[in-house]
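Some notes on the structure that comes next.
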Amino acid sequence: MKVIDENTILATRGRKRARKALSEVHNRRKASIIEKIEEDAFSDVRMVAEYVPSILAAYQEEEDVFKPVPNYMNFQGDLRWAMRTVLVDWIIDVHYKLHLLPETLYLAVNLIDRFLSVRVVSIGKLQLVGVSGLLVASKYEEVASPSVETFVVLTDRSFTENDILRAEKYLLHCLEYRIGCPSPLNWLRRCTQNTVAETLAVVILDLTLLSEHFLKYSPSVTGAAVSYAARCLTQAPDNEVFHHYSPHSIQDLSECILAVKEYLAKPIVHVAVFKKHGASFTKTLDKLDLIKVPECPR
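Going by full-length UniProt numbering, the first residue of the sequence shown is number 1, and it counts up by one from there.
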């Protein structure tokens, strides 16, 4: 019969009590952090915090309805993905010059991609599609939308006011007037809950607009994946906050997180994002240690 030393028993019990105590402290800390976030949100009536979970749940149900065809360039005769990248870069630049809301940019790009998913466009009309998409998004999101004449000037008068208004009408007709799409910004802000990480996350999310590789991901996946990457890169504390608010598990986000990591590792040749966010971000992004974004189980 095996005799167990009394000291060993006491030591084992002590370790169990210590682990239990640490677990309780961790759970209390986690609860207190999330409670503080919720308390701050509920104290600001503009946040409509009591409705946020329901709103995001409704958005998530509609994501597929507003999702462009990921490979739409396959049936576009003259267009190439590189041309889309140039157009989106120009849209970002115009959006910055006009001091428009972040939501306007993401809605505009979504409208453009969805239109190109259902209609074949010539090279000469691609910028017109971009302008009409930004005009519709501005009217939908902004308190005061820029005038049509402003867009005429920004295109170097390549199109008339009548051209833009007709294109706007045609775009809305083709999309069946379905405008209010879910934005990845909704989930990025929800999941990040850290000022430093969110600042970087917004830059990264803007960069993903330039790449066609992110069209296949839903807004909730892209927003949460970029949030996770930014939190890792800035070594943001309180990862339990991300796990609490993320609509997807890390495993479900792994493919998109890896895509973000690989995209940031490549040179970014279009500079509108850096012009928008400031030259300092160019240096910041160059210094980021991408190894800090861990590989996720797939």
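Think of the CB as a built atom: it goes at the ideal place given N, C-alpha and C, for glycine as much as any other residue.
Beyond the five residues adjoining it in sequence on each side, L207 comes within less than 8 Å, by CB distance, of Y263, L264, I268 and V273 in the same chain, given in chain order. In this structure, the CA atom of I250 is about 40 Å from the CA atom of P146. For the region 62–134, not one full-length beta strand (DSSP E) segment reaches 3 residues or more. In this structure, the alpha-carbon of S117 lies about 21 Å from that of D163. CA-CA distance, R80 to S218, rounds to 22 Å. Between E103 and S54, the CB-CB gap reaches or exceeds 8 Å. Between L111 and G77, the gap from beta carbon to beta carbon reaches 8 Å or more. Spanning the alpha carbons of L107 and V203 requires a straight line of approximately 17 Å.
Note that the C-beta distance between C191 and F115 is not below 8 Å. Here G278 carries a coil assignment [DSSP, helix/strand/coil]. In this structure, the straight-line span from the alpha carbon of Q193 to that of V65 is close to 28 Å. Secondary structure at P237: coil, using DSSP grouped into helix, strand and coil. Between the alpha carbons of N71 and A236 lies a gap of roughly 35 Å. Where A167 is concerned, the enclosing alpha helix (DSSP H) starts and stops at E161 to C174.
Between the C-alpha atoms of W90 and S227 there is a straight-line separation of about 25 Å.
Of the other Cβ atoms in all chains shown, fewer than 16 fall within 10 Å of the Cβ of F75; this residue is therefore exposed. By the Cβ criterion, the region 120–135 is in contact with the region 162–177, since at least three pairs of Cβ atoms, one from each stretch, lie closer than 8 Å.
For Q193, the secondary structure class from DSSP, reduced to helix, strand or coil, is coil. Shown here, H243 sits in a helix according to DSSP, grouped into three states.
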